[in-house]
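At position 74 of the sequence shown the residue is numbered 74 (the UniProt record's numbering), and the sequence of numbers has no breaks. Note that CB positions come from ideal geometry on N, CA and C, so glycine has one too. Here is the structure we will look at.
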Amino acid sequence: LRETERLTLETVSGPTLPPDTEAGCLDSEQARSDNYEKHFRLPPDKRPNYIKLGVIAPFHCPWERLLQDWHSEGDSQGIYVIRNRGQLDFLKCLLSRTKPITTCVFSEKDKACGLVQVGIEMCGRGTLERCALICGMGKTDIRLTKDKTGKGPLEPIHEDENEEKRKIQREEHQLKLLRLRRKRVKSKREMEEKGIFSVKTKEKKNPTEKLVQEQAELMKELWLPNEIKSVKNSSSRPVLGFVTFGGYSFRQSKTCGYGFVALSALLNVLERNQGYFLVRNVTSLQYYFVRLKLLLPV
1 LRETERLTLE TVSGPTLPPD TEAGCLDSEQ ARSDNYEKHF RLPPDKRPNY IKLGVIAPFH
61 CPWERLLQDW HSEGDSQGIY VIRNRGQLDF LKCLLSRTKP ITTCVFSEKD KACGLVQVGI
121 EMCGRGTLER CALICGMGKT DIRLTKDKTG KGPLEPIHED ENEEKRKIQR EEHQLKLLRL
181 RRKRVKSKRE MEEKGIFSVK TKEKKNPTEK LVQEQAELMK ELWLPNEIKS VKNSSSRPVL
241 GFVTFGGYSF RQSKTCGYGF VALSALLNVL ERNQGYFLVR NVTSLQYYFV RLKLLLPV
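Below is the structure:
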């Protein structure tokens, strides 16, 4: 699968596992689960604080929530990738800033459920990681396009509302464990004074195991909440979509990738005639300027 992704990157043929297929959903869920567990195996000082980074879904791409944010009728209608050749040719002309030969009308269902697959080319330096945010530009970002390194604006650090909650919860948990330990020691001494001795077994169950597990799950929720309130407005720049694969292309001698954007978001941005877009990796505050091009089905 990894070699296939590299091949599709060089041939610019698009993703092998689209999000509207069963295989794509299974691959996304597996990657999410693996990266989630890997993240929380790290000590707290080695883990990126995604709340402060303004990233609400660092390990998967919440397509349904993204479509709901960009279109009021996006609730529970499913998602699908736009594959109509006429519609794609129209969008390709808009992205390349050329006049379309014919006009095209998108249905409300397309706007509510449609995703468009796009190729991504960095305008300068930078890398593309999975689940990176594809964003629209702010009002004053166009002046930064003169920078040859391709660096865009910086995302301001977000406030971590759960920081104090985690601190209080951690202290209360330590005190609770200490009280339980004192209680067990006191009970053991009283039994020994009465001449009652417990028989040691090979498989002795930890009395605080359940409590520790519950604490771990609660802390995970405070570090990375499962509830996604909004994808579109999670950063200072409007989120249009996500990168599904990125890497260095030897064919184009630059970092390239591909991903998907919401159809409603793309049409909204193209109305303002923006030729540049922004990309930000989930572990960074730095935006980079990119160009998007439409990937037509083979």
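Distance, residue j Cα to residue i Cα
i, j, result
"K139", "E29", "36 angstroms"
"T283", "L53", "7 angstroms"
"L224", "M191", "44 angstroms"
"C104", "F90", "7 angstroms"
"E108", "H71", "9 angstroms"
"R65", "Q252", "34 angstroms"
"T145", "I228", "32 angstroms"
"P57", "C131", "One detail in the question is off: residue 57 reads as Ala in this sequence, not Pro. Taking the straight line from one Cα to the other gives about 8 angstroms."
"T21", "P15", "11 angstroms"
"S33", "R41", "13 angstroms"
"K202", "P48", "Residue placement at K202 cannot be trusted, given a pLDDT of 49 that sits under 50; the coordinates are not used to answer."
"T8", "F106", "28 angstroms"
"I157", "S234", "12 angstroms"
"Q169", "E209", "17 angstroms"
"G24", "R179", "49 angstroms"
"K46", "G86", "49 angstroms"
"K194", "A31", "56 angstroms"
"R189", "R182", "11 angstroms"
Top-ranked residue by Cα proximity to residue i, from the options
i, options, result
"P62", "N268, T98, L133 and K111", "L133"
"G259", "T244, H173 and L270", "T244"
"E172", "P153, G150, K148 and Q215", "Q215"
"T4", "A112, G247 and Q213", "G247"
"G124", "L285, A265 and T255", "T255"
"D110", "E37, V212, G78 and D160", "G78"
"Q286", "E10, S236 and E217", "S236"
"E221", "L26, L7, P19 and E37", "E37"
"I51", "E161, H39, R6 and G119", "E161"
"F59", "D27, E217 and L178", "D27"
"M137", "L270, L294, G24 and E22", "L270"
"L128", "L295, G257, A262 and R272", "G257"
"K165", "M122, T208 and M219", "M219"
"V290", "R179, L95 and L180", "L95"
"V212", "D147, K176 and S249", "K176"
Beta bridge counterpart(s) of residue i as assigned by DSSP
i, result
"V279", "I134 and Y288"
"E193", "None; E193 has no bridge partner."
"G246", "G257"
"G114", "Y80"
"L150", "The sequence as given places Gly at residue 150; Leu does not occur at that position. Looking at the DSSP assignment, G150 forms no beta bridge with any residue, so it has no partner."
"V239", "C135"
"L262", "Rather than Leu, the amino acid found at residue 262 in this sequence is Ala. Per DSSP, L115."
"K293", "G119"
Nearest-angstrom Cβ-Cβ length linking residue i and residue j, presumed shorter than 8 angstroms
i, j, result
"C113", "V239", "Going by Cβ atoms, the distance from C113 to V239 rounds to 17 angstroms, so no, they are not a contact pair."
"V81", "P18", "5 angstroms"
"L292", "I120", "6 angstroms"
"L115", "L267", "Not confirmed; about 13 angstroms, so no contact."
"residue 299", "L294", "The requested residue 299 is not part of the displayed model; the chain covers only 1 to 298."
"S230", "D69", "6 angstroms"
"R97", "G241", "Wrong, their Cβ atoms sit about 19 angstroms apart, outside the cutoff."
Near the ligand FAD: residue i beta-carbon under 6 angstroms from a heavy atom
i, result
"E193", "The model depicted lacks the ligand FAD and carries no ligand whatsoever."
* Would you be able to state if there are at least three C-beta pairs under 8 angstroms between the region 144-161 and the region 276-288? => yes
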